[in-house]
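Data block below; observations after.
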Amino acid sequence: AAGVIQSPRHLIKEKRETATLKCYPIPRHDTVYWYQQGPGQDPQFLISFYEKMQSDKGSIPDRFSAQQFSDYHSELNMSSLELGDSALYFCASSRSETGQRLYGYTFGSGTRLTVV
Amino acid sequence: DQQVKQNSPSLSVQEGRISILNCDYTNSMFDYFLWYKKYPAEGPTFLISISSIKDKNEDGRFTVFLNKSAKHLSLHIVPSQPGDSAVYFCAASAYGANSKLTFGKGITLSVRP
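Those sequence lines, one after another, are chains A and B.
Each residue of the first sequence is one higher than the one before, starting from 1 at the first, in my numbering.
Each residue of the second sequence is one higher than the one before, starting from 1001 at the first, in my numbering.
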């Protein structure tokens, strides 16, 4: 079965550079979520999109932006990178229908961003 | 403010015994609770969930118990197997919150052969 695809798997950037992370949700899933997981931390919600519109916003820095495109893939753009941005970035997708909340959502394998 | 708390960072259990993973929450608006399992270099995978109208949900070796009055839930794995060794995240969502999940910090379970 198709899963959530994230690219790249690993990314190394220097401070003050820009990074773009991509996420391809499961077909027919209408909601995409981005989470950031720092070392030894719980996944922190960044932002979500429902039907290509931003649906919720969490602790996402102003230096970050995201969007969902017409084909439902999403991109997380990160500018002026800081050392503290080094983390695992997970994308997840779900289909919003009755009963779906009982099954959570499906995560991708994540992008490990290292800022040096 | 940590709304979902997993206070024990790790648990070690002998193969064949029961593993009990605990989770506490503070937000009374949460009405769905989920457990995710995560292996290194992989994303979290959904394991089992429970809605707030129930106090128990069972799926094979996995059972989740919910005590709403105590704002506490637990995941029981019996019998534990070495392949169960992973990080387990407790998560919760509130109605109307666009299904956004709030996670605990996770607990590392090690099942010894």
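Using N, Cα and C, we set each Cβ at its ideal position, and we do this for glycine too.
Its chain contains Ile1050, Leu1073 and Ala1092 as the residues whose beta carbon lies nearer than 6 Å to that of phenylalanine 1033(B), once the 5 sequence neighbours on both sides are disregarded; these appear in chain order. Under a criterion of Cβ atoms nearer than 7 Å, the residues of chain A adjacent to leucine 1034(B) are, in order, Gly104.
DSSP places arginine 1112(B) within a strand segment (E or B) once states are collapsed to three.
Taking a beta-carbon distance threshold of 8 Å, lysine 1105(B) counts as an interface residue toward chain A.
For the stretch 1049-1064 of chain B, residues whose beta-carbon sits nearer than 7 Å to a beta-carbon of chain A comprise Ser1049 and Ser1051.
Within chain A, the residues Arg101 and Gly104 have their CB atoms less than 9 Å from the CB of serine 1093(B), given in chain order. Residue burial is scored here from C-beta neighbours: aspartate 71(A) has fewer than 16 other C-beta atoms within 10 angstroms and is therefore classed as exposed.
Rounded to whole angstroms, the gap between the alpha carbons of isoleucine 5(A) and cysteine 23(A) is 6 Å. In terms of CA proximity to proline 61(A), Glu82(A) leads the group Glu82(A), Gln54(A) and Phe69(A). Close partners of phenylalanine 1089(B) in chain A (Cβ separation under 8 Å): Asp42 and Pro43. Taking proline 27(A) as the centre and dropping the five residues before and after it, the same chain places the C-beta of Ala2 closer than 8 Å to its C-beta, in chain order. By the CB criterion at 8 Å, glutamine 37(A) and phenylalanine 90(A) fall inside the cutoff. Nearest to leucine 102(A) by C-alpha distance, out of Phe1103(B), Ile1018(B) and Trp1035(B), is Trp1035(B).
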